[in-house]
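Please read the structure below before turning to the comments.
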Amino acid sequence: MIKVLIADDQELIRESLKIVLGANEDMEVTGTAENGEEVLSQVKKEKPDVILMDIRMPGIDGVECTRLVKERYPDIYIIVLTTFDDDEYIFGALKYGASGYLLKGISMKNLAEAIRTVVSGKAMINPDITDKVVKLFNHMAQGSYSIQVDNALTEELTKTEWKVIQKIGCGMSNKEIASELALSEGTVRNYLSSVLSKLELRDRTQLAIWAVQTGAVNRYI
1 MIKVLIADDQ
11 ELIRESLKIV
21 LGANEDMEVT
31 GTAENGEEVL
41 SQVKKEKPDV
51 ILMDIRMPGI
61 DGVECTRLVK
71 ERYPDIYIIV
81 LTTFDDDEYI
91 FGALKYGASG
101 YLLKGISMKN
111 LAEAIRTVVS
121 GKAMINPDIT
131 DKVVKLFNHM
141 AQGSYSIQVD
151 NALTEELTKT
161 EWKVIQKIGC
171 GMSNKEIASE
181 LALSEGTVRN
191 YLSSVLSKLE
201 LRDRTQLAIW
211 AVQTGAVNRY
221 I
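Mapping of the sequence shown onto the UniProt record's numbering: residues 1 to 221, in sequence order.
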């Protein structure tokens with residue numbers, strides 16, 4: 001059973017999501033919150049698996065709340081819900097470890113699938129904003145959002161792992177990488193897990209930023 005916490009400052013959205021998601025046999029909505037303070041209180045009591053996090057909330061907004069939750073409870077997955085023009089918030093949400101970035105208005109069926117996807121350990125970005133997020137990776141990598149990796153750690157990477165890093169840096173999904181490299185999705189997931197372990201990085205987002213920042217996306221292999 002996947003335990004979900006819903007955070008949104010609009011009561012109608014909170015209650016609608018609670019009803020619809022609660023209808024899934026594999027999901028339980030453990031609580032709702034209208035601001036970041038309530039999220040932190042609920043998380044402490046309920047320990048949800050996933051938080052649906054509205055990016056714009058009064059007080060502690062979704063970005064800061066993502067940072068605080070991931071610092072204290074790194075195993076909790078966070079899916080950020082946003083509108084298309086929330087560019088200024090995407091930097092922080094990705095930097096601090098959000099596993100998903102979805103547009104409000106996504107169908108309930110697709111939202112439920114997104115929750116299952118992040119719980120399985122994959123990132124989930126709404127297809128409509130994938131290009132925007134890739135551009136933001138570049139901006140983040142060239143700005144103050146620096147991801148540091150000891151050069152000695154990269155010596156353990158294999159040729160195929162470098163190829164996977166390149167594709168992730170270009171914003172490709174596991175399915176797209178599998179097609180490009182003639183591998184199964186399961187094999188790509190295994191390579192990704194190995195790369196994260198070798199480079200001592202937390203997640204796919206950090207790896208993508210590092211790949212752009214260091215020029216790994218343009219590395220000749």
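All residues carry an ideal CB built from backbone N, CA and C; glycine is no exception.
As the structure is a prediction and not an experimental result, all values here were calculated from the model.
{"Item": "Cβ-Cβ separation, residue 206 to residue 147 (assumed contact under 8 Å), whole Å", "Value": "5 Å"}
{"Item": "For residue 101, the three-state DSSP class (helix, strand or coil)", "Value": "strand"}
{"Item": "Secondary structure, alpha helix (DSSP H): runs of 4+ residues fully inside the UniProt domain \"Response regulatory\" (3–119)", "Value": "11–22, 36–46, 62–72, 87–95 and 108–119"}
{"Item": "Uninterrupted alpha helix (DSSP H) stretches inside the stretch 161–209 (no shorter than 4 residues)", "Value": "174–181 and 185–199"}
{"Item": "Close Cβ partners of residue 122 (< 7 Å) along its chain, the five nearest in sequence each way excluded", "Value": "174"}
{"Item": "Cβ pair residue 39, residue 53 closer than 9 Å", "Value": "yes"}
{"Item": "Beta-carbon proximity check, residue 50 vs residue 79, cutoff 9 Å", "Value": "yes"}
{"Item": "8 Å Cβ shell around residue 168 - same chain, five flanking residues per side excluded", "Value": "177, 192, 204, 207, 208 and 211"}
{"Item": "DSSP bridge partner residues for residue 125 (one or two, in chain order)", "Value": "101"}
{"Item": "Helix, strand or coil at residue 217 according to DSSP, with G and I counted as helix", "Value": "helix"}
{"Item": "Whole-angstrom C-beta distance between residue 61 and residue 31, which should lie under 8 Å", "Value": "19 Å between Cβ atoms; not a contact."}
{"Item": "C-alpha distance - residue 185 paired with residue 161, whole-angstrom precision", "Value": "14 Å"}
{"Item": "Whether residue 48 touches residue 76 by CB criterion (9 Å)", "Value": "yes"}
{"Item": "Residue 170 to residue 216 span [Cα, whole Å]", "Value": "10 Å"}
{"Item": "Euclidean distance between Cα positions of residue 113 and residue 202", "Value": "23 Å"}
{"Item": "Per-residue DSSP class, three states only, for residue 157", "Value": "coil"}
{"Item": "Proximity below 9 Å, CB of residue 124 to CB of residue 102", "Value": "yes"}
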